[in-house]
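Worksheet: one structure, shown below.
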Amino acid sequence: MDRAEVDAKIREIAEPFNKKGVTITEDTSFQNDLEFDSLTVMDFVAEIEDEFDIIISMNQQAEIEKYGQLVDAVTKMQAD
1 MDRAEVDAKI REIAEPFNKK GVTITEDTSF QNDLEFDSLT VMDFVAEIED
51 EFDIIISMNQ QAEIEKYGQL VDAVTKMQAD
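Written out as structure tokens, the structure is:
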């Protein structure tokens, strides 16, 4: 799966979590722009892990602050 396909799928997964209808860009922050709390992050990550059959460690989650970073991380994990 290439980056564009991963991006499209994650946007689809993010839609129900995006309660304020924020336009998601590469620089969209999960905490500041989307206002994800810790429970929302856990649910969102679980859906991504299930969809892509990957595991995102707690350390990786802590490093991913922006949407583009998530897409890059998932794309890389898919390639490995």
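Read left to right, the sequence shown gives residues 1 to 80 (the UniProt record's numbering).
The C-beta atom is built at its ideal place from N, Cα and C for all residues, glycine as well.
All of these numbers come straight from a predicted model, not from anything done at the bench.
Handout entry: Glu15 versus Lys76 - alpha carbon distance
Key = To locate residue 15, count along the sequence shown from 1; it is residue 15. To locate residue 76, count along the sequence shown from 1; it is residue 76. Approximately 22 Å, taken between the alpha carbons.
Handout entry: Segments of 4+ residues assigned as alpha helix (DSSP H) that fall wholly inside the UniProt domain "Carrier" (1-78)
Key = 3-14, 38-52, 58-63
Problem - Classification of Ile55 by the beta-carbon crowding that lies within 10 angstroms, buried from 16 upward - result: Mapped onto the sequence shown, residue 55 falls at position 55. Exposed, since its Cβ has fewer than 16 Cβ neighbours within 10 Å.
Problem - Reference Glu26; option with closest CA among Phe17, Asp43, Lys19, Ala8 - result: Counting from one through the sequence shown, the residue named residue 26 turns up at place 26. It is Ala8.
Problem - Nearest-angstrom Cα separation, counted from Ser29 out to Phe52 - result: Indexing the sequence shown from 1 puts residue 52 at position 52. Indexing the sequence shown from 1 puts residue 29 at position 29. Those two C-alpha atoms are separated by around 21 Å.
Problem - Cβ neighbours of Met1 in the same chain (closer than 6 Å, five flanking residues each side left out) - result: Against the sequence shown, residue 1 aligns to sequence position 1. Counting only Cβ-Cβ distances below 6 Å, and skipping sequence neighbours, we find Gln78.
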